[in-house]
Every structure is written in structure tokens, then in C-alpha cells.
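Have a look at the structure below, then the notes.
Protein chains: 2
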Amino acid sequence: MTAPRRLAGVDELIDKAVAGQPAAIARLITLVENGAPAVRRIAAALVPRAGRAQVIGLTGPPGVGKSTSTSALVARLRLAGRRVGVLAVDPSSALSGGALLGDRVRMTEHGVDEGVFIRSMASRGHLGGLAAAVPQALRVLDAAGFDVILLETVGVGQAEFEVSSLADTTVLLLAPGLGDGIQAAKAGILEMADVFVINKADRDGAEQAARDLRHLRTLVAESPGQWRRPILKTVATRGEGVDEVLAAIADHHEWLSTTGALAGGRRARAAVEIEAIALGAVRQRFAAVRGSAALGESAARMAEGAVDPFTAADDLVTALGV
Amino acid sequence: MTAPRRLAGVDELIDKAVAGQPAAIARLITLVENGAPAVRRIAAALVPRAGRAQVIGLTGPPGVGKSTSTSALVARLRLAGRRVGVLAVDPSSALSGGALLGDRVRMTEHGVDEGVFIRSMASRGHLGGLAAAVPQALRVLDAAGFDVILLETVGVGQAEFEVSSLADTTVLLLAPGLGDGIQAAKAGILEMADVFVINKADRDGAEQAARDLRHLRTLVAESPGQWRRPILKTVATRGEGVDEVLAAIADHHEWLSTTGALAGGRRARAAVEIEAIALGAVRQRFAAVRGSAALGESAARMAEGAVDPFTAADDLVTALGV
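Residue numbers (my numbering), protein chains in the order written: chain A, 754 to 1075; chain B, 754 to 1075.
Right under this line is the structure:
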């Protein structure tokens, strides 16, 4: 009796979330974030209703004004009548988790507006858990009818870009005085961004930062017909330059659409998500074996120096019939 | 003709590394770091010769003086006649990679001492690659006869602690003025550390930081007979308090030995390494399928909303016969 009622509850939640009810959206995201048994059912219900939202990634090192920029972008998008979902993800640092949530407070100006939904996701457990949850949380917001989803990540490491790569367009935020950081930036990181923004552009060093970026941009090979990454300046606290950022994002979106890269990117992300879920299923089988006789004995023998990890791994894979 | 000669080269390299030759140690680490085909052979040769070294993890947020502390610990350990390997790992941030390597320069004072070997490993490619390479690099240093291996990681996120969990004893470094960071620290992170050190203890706020830590420590459940995490203060630039840190590490090592936790921890780490290698083998099979007909078609159908990722993942696992 209990199980069918619970499942009916999930269906009701899905209906309410699709109708745009904030409490239902929040509860659905919590379910997918926690890896609830209902995630399959939720995904199956939402996939046919998703695919409309434009996903914009915002990333950059701490201190560049990501929250303020997000807030400014939200304000402009609302003025244009677009419904906006914000997903703020902190994949790497548990210590800064508090700060991230603190930053959210600044965004309460949008808190009473039903056209805006804001959600923070911090890394609980291992990164794989978060990486699996973010695409599902995006799908909830997408199916809930938000026209634009801002995916904000803290930091500029590999993990942040793995999250950010879920966006159609990725904006890399930098600020003057972080020049050493820009110098050290790998060309690979620059390649992953579609739009560069130097925030706090009223401060000393903004022009130098722009010059550094323009130089670095020359190191990134661009073939004819490829997207040319614009370098923009903003003062997000005063809303300066924010319209230009939105225009650049719109340009990039149009470029994606006309070249077929939009659909291609979404197919590639679908493949990554499918593969990750499949890998998770295999990992669960291994986890079931961990502590059991087979793996425990191999581990003890390895600790004694009697077997190497590769031979033991072969045995494990064979034992599982993989 | 070529293959046997190359393998003979690896065997010679292993012999030289085990004999403690720095150039051979460095080349072996490069091989395991790059995932060279010889990794299996290297692991098989080194496992029986490893297991002697004491592995000490040092972690903490940027700016607390990890490099200086590492340098001070190395100096004391050398005075005590112990051979020391240092592995400095930056798992999360590509932007700070340059800074990390820059910090290494400070340690060149040990550069001419054959009893010290220092190596930086930055995250190239995905984190999984680094997580797989670090245990193998530790094994090279272990088999090369270093008595102590300092495993230094930047940051305090989950990824850093996954690396740091490879240590027998983990030291969490903090500094005054990072009080907000300490406040925000999750109990889970504190639980993963065995020794707390407040460096730069000559600065304002050191006592406050110690009080904060003592309070946080009360939140971590400690059963009778469990290790009680000491809270120490250092001024690493002047070497102050470093002997006390080494004494606390020695105490913890003795506690690990007498309770059987040392051997238990090493067995657990062996299990994690075996499992990771096995999972990597499965991931490679998936990667071979990515872009192929089966996964590509599923991804296209999912992007159209015709299939959910869980059903597609089931199909993928079935297709591989897993």
C-alpha cells in the first residue's frame, strides 16, 4: 500500500514542478540530488518535457564577482520577460561551502519573483555524486519551463569545467588584479569558455587583463567559421556591460544553432550522462563486492606484497563476469 | 627485438630506482603518471618491495604555508637521519598549477641532498587519472627506500582528501585569519584529519583559531580508545613547533600500530586501488563504445526526448555484456 502511494506522490510532484510550482521544483531537485530511488521515474517523466531551456554556464576564480554578475544577469533577463533558473554549484571546496550559501543571501532581491528559482548544490560525498546530480537538476528546471538556466560554478579547475560543460554557452569571469591567475591559465581552460568577461572593470588593471586575455586568445587555434570568443568588460555591481554580455551569449547561441553545434553538443552531453549512469551501475556492483571475501582477500594479499593491484583487478573483473 | 629491449630498460630502471637513484625514481614516476604500458610491470615489481615507508599527508587551504611547513618537516626529518620523499599534488586547480611549481623553488635548499626527493604532480586530464597515479607514485618512493613520504595537497575539498586519504597520518594545516574558513569547515573534513596545525601562530587570531578548532573537535564524536586529535601551533618559517608536530605524528603512528589500524588502513587502500583499476578497465570498454553506433543512437534519441538516460544506460551495459 505504501509504495504505490509514494510513487503517486512523485508523479504529483512532477506535475506540479512542470506547472512551475517552486516548492515542487525544490523537492524534485532534492530527490535527484540525494539519488532517491525515484530518480529513474523522474528522468523518464522529465526527458520528453525538457530540451527547451538555454543553459548558460558562469565560472571563474573566487573573488571575481560571480554572484553579483549572476544577479545582474537575472535582473536583465527578467526585464526581458524570461523565466530564469539559477543553479550554483561548488564542486571542489567544502570549506567555501558556507561562503557560497552566504552569497546566495545577496540574491534574495529576486526571492519573491516567481519567474526566478535559485538553488545551491554543494559537493556531498564524492564528486561523482555531484556530477551525476547536476544534469538531472538542470532537467528539472528545464522541464519546469525556465527559459534560461544560469549554471554558476566556483573555481576554474577541471571539476568546475566538467560541470560547466553542461552549458550551451560558458562565460569565464575574471577580474583585474588576478593577472597572475590569468597568466597561469592553461590554453585548455580558455578553450572551454565561449565568452570572456572582465568584471570590476572600473578598477586598475582592467585594460591590462583584457590585453593579457587577447594575447592568450591568440594561442587558442581558431579555424575559419569557428566562434571568435569576445572579451567584454563589466561592473556588475552597477549593471554596466551586462547587456553586452547577454548580447554576446545570444550571438553564441545563434552561432551554435546555425552550425548545428547546439544539437551536437546536447547529443554529446546525453552520451556522457548515459555513460556515467552505466559506469555507476558497474561501480555499485564493485562496491557490493568490496569487503566481501574476494576483494578483501586480494587487498590483504596486496598489502603483504603478494599480489599487484592490476592482477587483483583482473581477478575482480573476472569474478563479476564483466 | 624492440619490445624486449624496452622492457629490459624498464627492469633496469626499477633496479636503479630501488637502489635509490634519483634520476631513475623520477623517470619511473613519470611512467606511472603518464599511464605508460609498463605500469603493470612496474607495479608487479614494486609491490613486494613496498610497505615500509610511513606516509604523512599534509593538506589545507591555500596561503596557510604548506610548502614552508613541508620544508621545515623535511629539515627535521633529515637531521634525524631519515630519508624523505615529497609528493606535492594539486588535484583541483589548473590555475594554481604555476604557483605550486613556483613554491617548489623554495625547496631547492634540499635539492643537493640525496636523502630527499621532491616531486610535483598536477592534475592533467581528469581527476581519475591523478587518483590512479598517486598511489603508484607513492609506491615508487616507498620501494626506493624513503623512510617517510610527505604527501602535500593543495586545498581542502573532497578531491584533496581522497588523495590525502592515501596517508597513514593526515595533518590539516590552518592559519589565523582564515577563521571564516574554519567556521565553515564541515565536521566530515575534520574527521579525516589526525593532527591539526595552526601555522603562522605568531599572528593575531592564532588563539581564536585554536579555540574554534577545539570547539569543532567537540562536534566530532570520539569513542573511548579512539585517537584524540591534537591541536598544535607552528611558525614554520622559523621552525617553531615543528618538533611537536613530528612528535604528534609519531604518537599517531604508534596508536595506529598498536590498534591494528595501520595494517587495516593499508588493506582498505589496497582495496580502493584494486577497485579503481578494475573500474578503469570497464570505463575503457565504455569509451570504446562512445561515438559508436549503440551509444550515439541512444544519445540522439535522448536529446530528442525519446528515451531517458537510465534506460539507455541499461541498454549500454547489456550491449557490453557487463
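Note that CB positions come from ideal geometry on N, CA and C, so glycine has one too.
Just so we're clear, the structure is a prediction, and the values are computed from it rather than from any experiment.
Nearest-angstrom beta carbon gap, residue 989(A) and residue 822(A) [assumed within contact, 8 angstroms]: Contact between residue 822(A) and residue 989(A) holds: their C-beta atoms lie close to 4 angstroms from each other, under 8 angstroms.
For residue 948(A), which residues of its own chain have a beta-carbon under 8 angstroms away from its beta-carbon, when the five flanking residues on both sides are left out? Only 922, 923, 924, 925, 982, 983, 985, 998, 1001, 1002 and 1005 meet the Cβ criterion.
Can you check whether the CB of residue 796(B) is closer than 8 angstroms to the CB of residue 889(B)? Cβ distance < 8 angstroms, so residue 889(B) and residue 796(B) count as in contact.
Thinking C-alpha only, which one of 963(B), 1007(B), 1012(B) and 958(B) is nearest residue 977(B)? Comparing Cα positions, the closest option is 1012(B).
Near residue 963(B), what residues of its chain come up, given a Cβ to Cβ distance below 8 angstroms and the 5 sequence neighbours on each side ignored? Close CB contacts of residue 963(B) within its chain, under the 8 angstroms cut and outside five residues either way in sequence, are with 951, 984 and 986 (chain order).
Find the residues of chain B that neighbour residue 1039(A), judging by a C-beta separation of less than 7 angstroms, and give them in chain order. What residue 1039(A) touches in chain B: 1028, 1031 and 1032.
What's the C-alpha gap between residue 1060(B) and residue 1019(A)? If you take the alpha carbons of residue 1060(B) and residue 1019(A), they lie about 14 angstroms apart.
Contact with chain A by residue 848(B), beta-carbon distance below 8 angstroms: With a pLDDT of only 38 at residue 848(B), under the threshold of 50, the placement of this residue in the model should not be trusted; the figure read from the coordinates follows. Under the Cβ distance rule, residue 848(B) counts among the residues neighbouring chain A, one pair being separated by less than 8 angstroms.
In the DSSP assignment, find the unbroken beta strand (DSSP E) run with residue 900(B) in it and report its ends. Where residue 900(B) is concerned, there is no enclosing beta strand (DSSP E), given that its DSSP letter is neither H nor E.
CB contact check: residue 897(B) to chain A, cutoff 8 angstroms: For residue 897(B), the closest Cβ of chain A is not nearer than 8 angstroms.
Give, in chain order, every unbroken run of the alpha helix (DSSP H) that is at least 4 residues long and sits entirely within the stretch 760-831 of chain A. Runs found: 775-786 and 792-799.
To the nearest angstrom, how far is the alpha carbon of residue 1033(A) from that of residue 885(A)? CA-to-CA, the gap between residue 1033(A) and residue 885(A) works out to about 9 angstroms.
Compare the Cα-Cα distances from residue 996(B) to each of 1049(B), 777(B), 905(B) and 828(B) and report the closest residue. Taking residue 996(B) as reference, the option from 1049(B), 777(B), 905(B) and 828(B) with the minimal CA-CA separation is 828(B).
How many angstroms separate the CA atom of residue 933(A) from the CA atom of residue 1037(A)? Residue placement at residue 933(A) is poorly supported in this model, since its pLDDT is 47, which falls under 50; the coordinates still yield a value, given next. Distance between the alpha carbons of residue 933(A) and residue 1037(A) is about 42 angstroms.
In three-state terms, what does DSSP make of residue 1033(A)? Residue state for residue 1033(A) is assigned as helix, using DSSP reduced to three classes.
Rank 765(B), 1047(B) and 1028(B) by C-alpha distance to the C-alpha of residue 1067(A) and give the top, closest one. It is 1028(B) whose Cα lies nearest to the Cα of residue 1067(A).
Rounded straight-line distance, which links the Cα of residue 838(B) to that of residue 902(A): As the crow flies, the alpha-carbon of residue 902(A) is around 47 angstroms from that of residue 838(B).
Endpoints, the beta strand (DSSP E) within which residue 873(B) is located: Run containing residue 873(B): 869-875, per the beta strand (DSSP E) assignment.
If you check the beta carbons only, do residue 801(B) and residue 1058(A) fall under 8 angstroms apart? A contact, by the Cβ cut-off of 8 angstroms.
Can you give me the start and stop residues for the beta strand (DSSP E) that residue 843(B) sits inside? Counted as a single uninterrupted DSSP element, the beta strand (DSSP E) harbouring residue 843(B) occupies residues 837-843.
Can you tell me whether residue 972(B) is buried or exposed? The criterion is at least 16 other CB atoms within 10 Å of its CB, across all chains shown. Label assigned to residue 972(B): exposed.
For residue 1063(A), count neighbouring C-beta atoms within 10 Å of its own C-beta (all shown protein chains included) and say buried if the count is 16 or more, exposed if not. Taking a 10 Å sphere around the C-beta of residue 1063(A), we find 16 or more other C-beta atoms and assign the residue as buried.
Can you check which of these residues, 906(A), 868(A), 791(A) and 806(A), is closest to residue 874(A) by C-alpha distance? Measuring from the Cα of residue 874(A), the nearest candidate turns out to be 906(A).
Please return the same chain residues whose Cβ sits closer than 6 angstroms to the Cβ of residue 803(A), not counting the five positions on each side in sequence. The answer, listed in chain order, is 892, 895 and 896.
So who's on the other strand from residue 925(A), going by DSSP bridges? Bridge partners of residue 925(A): 812(A) and 949(A).
Apply the 10 Å Cβ neighbour rule to residue 1009(B) and answer buried if 16 or more other Cβ atoms are within range, or exposed otherwise. In summary, residue 1009(B) is buried, with 16 or more beta-carbon neighbours lying within 10 Å of its beta-carbon over all protein chains present.
DSSP-derived helix/strand/coil call for residue 915(A): Helix at residue 915(A).
Whole-angstrom C-beta distance between residue 808(A) and residue 919(A), which should lie under 8 angstroms: Confirmed, about 7 angstroms.
Among 1031(A), 1054(A) and 833(A), which has the Cα closest to the Cα of residue 793(A)? Distances from the CA of residue 793(A) to each of 1031(A), 1054(A) and 833(A) were compared; the closest alpha carbon is that of 1031(A).
Within the same chain, show all residues whose beta-carbon is closer than 7 angstroms to that of residue 993(A), passing over the 5 residues directly before and after it, in chain order. Same-chain partners within the cutoff: 987.
Determine the contact status of residue 900(B) and residue 967(B), defining contact as a CB-CB distance below 8 angstroms. Cβ atoms of residue 900(B) and residue 967(B): not closer than 8 angstroms.
What span of residues does the alpha helix (DSSP H) with residue 1004(A) cover, start to end? Run containing residue 1004(A): 995-1012, per the alpha helix (DSSP H) assignment.
Please list the terminal residues of the continuous alpha helix (DSSP H) segment that includes residue 1064(B). Taken as a continuous stretch (DSSP letters only), the alpha helix (DSSP H) holding residue 1064(B) covers 1062-1072.
Report yes if the CB atom of residue 773(B) is closer than 8 angstroms to the CB atom of residue 930(B), and no otherwise. No, these two residues do not count as a Cβ contact at 8 angstroms.
Which two residues bound the contiguous alpha helix (DSSP H) that contains residue 981(B)? Careful: residue 981(B) lies outside any alpha helix (DSSP H) and carries neither H nor E.
Should residue 1017(B) be labelled buried (16 or more other beta-carbon atoms within 10 Å of its own) or exposed? The residue is exposed, with fewer than 16 neighbouring Cβ atoms inside 10 Å.
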